[in-house]
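*Asks:*
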Amino acid sequence: MTDTGSVDAAVAELGAQAALETLVRSVVDIAGAAPQPPSRVSVRFGCASVEVEWPQGKPVVTGGDENPPPTVSPQPAAADDRRAVRAPLVGTFYRTPGPGESPFVEVGDLVAAGQQVAIIEAMKLMNIVEADTSGRVVEVLVADAEPVDFDQPLFLLAPAEGR
0 MTDTGSVDAA VAELGAQAAL ETLVRSVVDI AGAAPQPPSR VSVRFGCASV EVEWPQGKPV
60 VTGGDENPPP TVSPQPAAAD DRRAVRAPLV GTFYRTPGPG ESPFVEVGDL VAAGQQVAII
120 EAMKLMNIVE ADTSGRVVEV LVADAEPVDF DQPLFLLAPA EGR
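Per numbering that gives the first Met the number 0, residue 0 is the first one in the sequence shown, and the count goes up by one each step.
As structure tokens, this is what we get:
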């Protein structure tokens, strides 16, 4: 049996934000490692917990007879060096910090690894999306306020010229 006091002390030492980020990453890892999409994931660390439940009965797009999304279509050979910035979790994608504000990044902008490029709202929490590599934004693949899945490509980055 785990001593709840010591776990809560660990949460306090980590800080509420860091503990929450750790829990969210755990949920993403659990959901991503599952052989099929889970219907519910719950993770608890002391007094902090994250629970995600996906609605049952929603159709899953498999690319059958319907037109595949643009991100699935083959890319020309010149685009092989492009890298995708992917969704770190399931939620609602936002390009701006708030309504009426400018997007974090636009097509043509240079971004650095670790730079914030978007927000994904999940369970009423705003989660930062950061570029994992530097480059120039060449395409925005998701419209603002659209739902996204875990690991879904959000932006395409090309290597910056002269680097």
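All C-beta atoms, glycine included, are put in the ideal place defined by N, C-alpha and C.
1. Using CA atoms only, rank isn't needed, just tell me which of 147, 132 and 148 is closest to residue 157.
2. From the DSSP output, which residues share a beta bridge with residue 52?
3. Buried or exposed: where does residue 94 fall if 16 or more other Cβ atoms within 10 Å of its Cβ makes it buried?
4. Can you give me the Cβ contacts of residue 67 inside the same chain, cut-off strictly under 7 Å, excluding the 5 residues immediately before and after it?
5. Output the boundary residues of the beta strand (DSSP E) element that contains residue 125.
6. Since residue 112 and residue 153 are thought to touch, with beta carbons under 8 Å apart, how far apart are those beta carbons, to the nearest angstrom?
7. In the structure shown, what three-state DSSP assignment does residue 89 receive?
*Replies:* Short version:
1. 132
2. 39
3. buried
4. For residue 67, the predicted structure reports a pLDDT of 46, less than 50, and the residue's modelled location is therefore unreliable. A value from the coordinates is still provided. There are no such residues.
5. 124 to 129
6. Wrong, their Cβ atoms sit about 15 Å apart, outside the cutoff.
7. coil
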